[in-house]
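Everything below concerns the one structure shown next.
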Amino acid sequence: MKQTSFLHQCLSLAGGTLVVMFISALTMPVITRLADPSVYGQVTIFNTWCSLAVMVCSLGLDQTFIRFFYTGKTPAIQRRILSFCLAVPLLLCLLLSCALLPVLIGEQSRFLVLCFILALFVRTLNRMGMLVLRLKYRTSLYSAMSVLNKSLYVILVLAGMRLFSGHGLTVMIGASLAAMTACVAAELYAERTFWFKTRPAPAQSIEPRHLLAYGLPLMAACAVFLVFQATDRFCIRWFADYDQVGVYASAQSIMNLFSVITSTFQTLWLPRAIEHYERDPQDRMLYRDMNRIMTVVMFLFGAAVLLLKDVFVLFLGESYRQAAGVLPFLLFTPIMSTVSETTVIGLAVTRHSAGHLWIMGTVTVFNVTGNLLLVPVMGMQGAAVATGISYILYFWLRTVVTARHFRVGYPLKRFSLLTAWFALTCWYHQHHSFSVMTILLFLLTVALTLGLYPDTTRQILRQIRKLLTGSAILSVGKRTEKEDHRSCEVSPG
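Residue 457 in full-length UniProt numbering sits at position 457 of the sequence shown, and the numbers go up by one each step.
Structure (structure tokens):
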């Protein structure tokens, strides 16, 4: 990694995410007034099917590319890995397209099928193009591509709606495809030396069997994860009605506030951790440090959202006030998934990708059972509780399963105490609005978090101070032996 601060890289990506969120917040009310809800529904279904098809065609090789990129000691080997991880998905996209070609004969679906076929190739290229930027730590450009994609989409939709009123579905799907195509061209041009001028190493320099063996379990795990994510909404629809589904979905939309942290961290963390492991397989300090840092950041941010939940719900409108009682336990979704990224990293660096499938299968069964038991009794609040508890289990499964292959001393006792306390505050907030008691609970949560992680708090403050003074350096993973001894506890295994 370049001598740029990891914190600086995170802030660079976070800036782009904030810009995208601002553009969405500014233009979404305009677009929703130009397009009917039914059009939005069709676009959503179209995008869902595109994402599912691209995921299946990828065979998990996008994740394989991330894992094996730094094992290539030369650009030529890295280019060979890219060629294989891209050629197989493109070939499968071609086969799927050939299977869909007969449908183009139909009058009604011709445009949608054509866009679907084109989207398969464009999305696959965009995925790999963004990964190259991500793995080469070109974070400013990576962030700019996200902003460019969103900006072009909004401009094309607004212009198209004025020029072709009554063709909302065509405009929105076409705008999305055109914007992503422009981004693909920019991504390939930005790394044109790597894409077009670097000669791939001989085919025998890689082991395709090993690459596929790593990627296939991840593809299956992603498919199960889609079921895991959709369980709560399907159960609410089954036992309640679409109104409660809408309120529940609105509460989930507030979780987008976390995307500034979660998407930024998850984008940078995996390649950073793999690169660190390839350089020094025995060093565990980076993983412990990032676990503590993300624990402090996520719980403090979660406590703030919990305190202000009634304010956020006001922006949703009178019909969505019930979302305030759903939001608390949904906070465990971003908190547990993000913190667990630091503990599950061992499965990636040791290439035990099959563990992800076992984890997702177990937690999905638990989530389905929890929703079936709680939703008939508690409605959408029961779905939130079941989902929140499922994500706590998700964290522990990822941590325990990984510890069998890759032992790291995480402060799990402190994390368990903080999680239990946060669950109690969520239960209180689920049934009470803003009051003096909620303020007191917020202050106690902050005090408990900072008290359990004093060294980490000081470390974060030092990094922020250095960044503000322009002298930030990459110090994560370079703490003193004394600090590490004070906060290191043995994980289960």
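Where a beta carbon is used, it is the ideal one built from N, C-alpha and C, also for glycine.
Burial is judged here by how many other beta carbons sit within 10 angstroms of a residue's own beta carbon; Ala251 has at least 16 and is buried. The stretch 331-346 and the stretch 291-303 touch, with three or more beta-carbon pairs separated by less than 8 Å. In the three-state reduction of the DSSP assignment, Phe265 falls in the helix class, which pools H, G and I. Counting only runs of at least 4 residues, the stretch 366-396 fully encloses no alpha helix (DSSP H) element at all. Between the alpha carbons of Thr124 and Leu452 lies a gap of roughly 44 Å. Sorting Val157, Leu120, Tyr70 by C-alpha distance to the C-alpha of Leu135 places Tyr70 at the top. In this structure, Gly355 is the residue among Gly355, Gln282, Cys115, Gly246 with its C-alpha nearest to the C-alpha of Cys222. Where His405 is concerned, there is no enclosing alpha helix (DSSP H), because DSSP gives it neither an H nor an E. The three-state reading of DSSP puts Leu308 in coil, since its state is none of H, G, I, E or B. Rounded to the nearest angstrom, the gap between the Cα atoms of Gln381 and Leu330 is 10 Å. If you draw a 10 Å sphere on the C-beta of Asp283, you find fewer than 16 other C-beta atoms in it, and that means exposed. Distance from the Cα of Arg199 is smallest, within the candidate group Gly370, Ile77, Arg414, Arg398, for Ile77.
A direct Cα-to-Cα measurement between Ala447 and Arg351 gives close to 39 Å. Leu92 places its beta carbon 8 Å or farther from that of Ile117. For secondary structure counted as the alpha helix (DSSP H) over 4 or more consecutive residues, the stretch 97-141 holds these complete runs in sequence order: 110-135. Annotated three-state conformation of Val260 is helix, per DSSP.
DSSP places Gln63 in the uninterrupted alpha helix (DSSP H) bounded by 61-69. The DSSP-derived three-state label of Glu207 is coil. Contact between Phe84 and Leu211 holds, with the beta-carbon distance rounding to 6 Å and staying under 8 Å.
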